[in-house]
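Everything below concerns the one structure shown next.
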Amino acid sequence: MAPGTGTPAPAPLLIACALGIERLALRGGTGGAAGPVTVLRTGMGPQAADRAVTRALAEGGPLREAAVIATGFCAGLAPGMHPGDLVVADETRDGEGRTECLGSEILAKELVRAVPGRVIHTGPLVGSDHVVRGAERAGLHASGALAVDMESAATLRSAVRTGPRPVAAVRVVVDAPEHELVRIGTLRGGISAFRVLRTVLPAFFEWHRSLLLPRR
């Protein structure tokens, strides 16, 4: 129960990212959040994401009913994408299946407010267990995906496997077909993506507020 109200406390929000630099960008505080917020660094790759999210959402733990957003950087797949563009997933997919995202329209709308002037793409986000470049990137785009990363699909699949909850994924493009990068932190595209990632938390909080799950 929320203290002094007699009403159920709001479900928590778990924001999952893989890298330390992503976690650093998300140190924006929790002011304006509708409930408890945890930013979880999972480590890189689908297996690390699966383990970390499953452990965080374990039955009996404080995050067992949390809504989950996967975020961080991604590689854009569509020609014309640029570093700093945002990708809001309507589904995540990989070799183990698909996970539907909830409230992608709300997230896109709130990101317009939070990050004015940035291009926002909505569509499928595909998972990979390795860095994707060149011809492989073109093949994934031909399958209908807008962007690729290594953790979102595993994060959301693990989240819904542990119990019903709203899940979503928002990624910032760090490189794109015409702008392939080698090292995130040292090149202009990586710096641009980092600055954009620093601004997304208010949109995440509004998404959470609109889709809160009541505690059982």
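Numbered by my numbering, the letters in the sequence shown go through residues 23 to 238 in order. By construction, the Cβ of each residue, glycine as well, lies at the ideal position given by its N, Cα and C atoms.
Measuring straight from C-alpha to C-alpha, what distance separates residue i and residue j?
i, j, result
"Leu223", "Arg159", "29 Å"
"Ala155", "Pro146", "Reading the sequence as shown, one finds Arg at residue 155 and not Ala. If I take the Cα positions, the gap works out to 18 Å."
"Val61", "Ala78", "11 Å"
"Val194", "Gly82", "33 Å"
"Ala240", "Ala225", "What is shown of the chain runs 23 to 238, which leaves residue 240 out entirely."
"Val109", "Val192", "6 Å"
"Ala167", "Ala92", "17 Å"
"Phe216", "Ala80", "31 Å"
Is residue i a contact residue of the ligand HEM, with contact defined as CB to any heavy atom under 7 Å?
i, result
"Met172", "Absence of the ligand HEM is noted for the structure shown, with no ligands found whatsoever."
Mapping the DSSP letters down to three states, classify residue i as helix, strand or coil.
i, result
"Ala176", "helix"
"Gly145", "strand"
"Ala38", "strand"
"Thr76", "helix"
"Gly51", "coil"
"Pro32", "strand"
"Ala92", "strand"
"Val218", "helix"
"Arg45", "helix"
Can you tell me the Cβ-Cβ gap for residue i and residue j, rounded? I've got them flagged as a contact below 8 Å.
i, j, result
"Ala88", "Ala40", "With 8 Å as the limit, Ala88 and Ala40 do not qualify as a contact, their Cβ atoms being about 18 Å apart."
"Phe95", "Val196", "4 Å"
Go to residue i, then tell me how far its beta strand (DSSP E) extends in each direction, as first and last residue.
i, result
"Ala136", "Ala136 -> not in any beta strand (DSSP E); alpha helix (DSSP H) instead, spanning 126–136."
"Ala56", "First-last for Ala56: undefined, no H or E at that position."
The alpha helix (DSSP H) spanning residue i covers which residue range?
i, result
"Trp113", "One detail in the question is off: residue 113 reads as Glu in this sequence, not Trp. Glu113 -> not in any alpha helix (DSSP H); beta strand (DSSP E) instead, spanning 108–116."
"Gly161", "156–164"
"Leu168", "Counting along the chain, Leu168 falls outside any alpha helix (DSSP H), and DSSP gives it neither H nor E."
Would you please verify whether the beta carbon of residue i is less than 8 Å from any beta carbon of chain C?
i, result
"Ile142", "Here there is only one protein chain, and chain C is not present."
Contact the stretch 114–126 vs the stretch 175–186: 3+ CB pairs below 8 Å: yes
Meets three-Cβ-pair contact criterion under 8 Å: the stretch 123–141 and the stretch 54–74: no
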